[in-house]
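**Student:** The structure's right below; bear with me while I get my questions together.
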Amino acid sequence: MSDITDEETRHQMALGNLLQLNFNGSHICSISVPAGDDDPRFKRISPPPKPLCVRINVAAQMIGIGKTKMYELIKTGEVDTLKIGKSTLVTMASLEAFVQKHLRCSTL
Numbered sequence: 000m001s002d003i004t005d006e007e008t009r010h011q012m013a014l015g016n017l018l019q020l021n022f023n024g025s026h027i028c029s030i031s032v033p034a035g036d037d038d039p040r041f042k043r044i045s046p047p048p049k050p051l052c053v054r055i056n057v058a059a060q061m062i063g064i065g066k067t068k069m070y071e072l073i074k075t076g077e078v079d080t081l082k083i084g085k086s087t088l089v090t091m092a093s094l095e096a097f098v099q100k101h102l103r104c105s106t107l
């Protein structure tokens with residue numbers, strides 16, 4: 000395998016087509032890969048969509064409180080929930096609104 004010149008490396012990095020392999024902070028090699036726009040084997044991975052709802056324990060972890068406190072917030076109506084079958088989900092919109100509302104407050 001031939002080495003990639005500095006100019007070619009800069010060009011490939013600008014295109015986002017250069018894969019660099021490092022091990023323990025040491026550069027091992029650089030590999031030029033196809034852009035992938037027209038080749039289904041090289042599809043760009045997009046981030047997963049933002050969830051609309053999360054389970055109660057996840058919602059509690061997201062804002063750094065315990066499940067018991069989250070259940071209190073649900074009971075008082077400060078956080079909205081959605082019931083699907085046996086699952087109770089907290090809406091992200093209500094969770095974000097709760098955080099924004101209490102952003103300047105010192106205690107919940």
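The numbers in numbering that gives the first Met the number 0 rise by one with no breaks, and the one at position 41 of the sequence shown is 40.
For glycine and all other residues, C-beta sits at the position ideal for the given N, C-alpha and C.
Could you spell out the range, first to last residue, of the beta strand (DSSP E) harbouring Ile62?
**Tutor:** Ile62 -> not in any beta strand (DSSP E); alpha helix (DSSP H) instead, spanning 55-62.
**Student:** Starting from Lys148, trace the beta strand (DSSP E) in both directions and tell me its first and last residue.
**Tutor:** Here the chain has residues from 0 to 107 only, and residue 148 is not among them.
**Student:** Kindly indicate the opening and closing residues of the alpha helix (DSSP H) around Ser86.
**Tutor:** Looking at the DSSP string, Ser86 is not in any alpha helix (DSSP H); the run it does join, the beta strand (DSSP E), is 86-90.
**Student:** Please name the residue, chosen from Pro48, Pro46, Asn56, Gly65, that lies closest to Ser86 on a Cα-to-Cα basis.
**Tutor:** The candidate whose alpha carbon is nearest that of Ser86 is Asn56.
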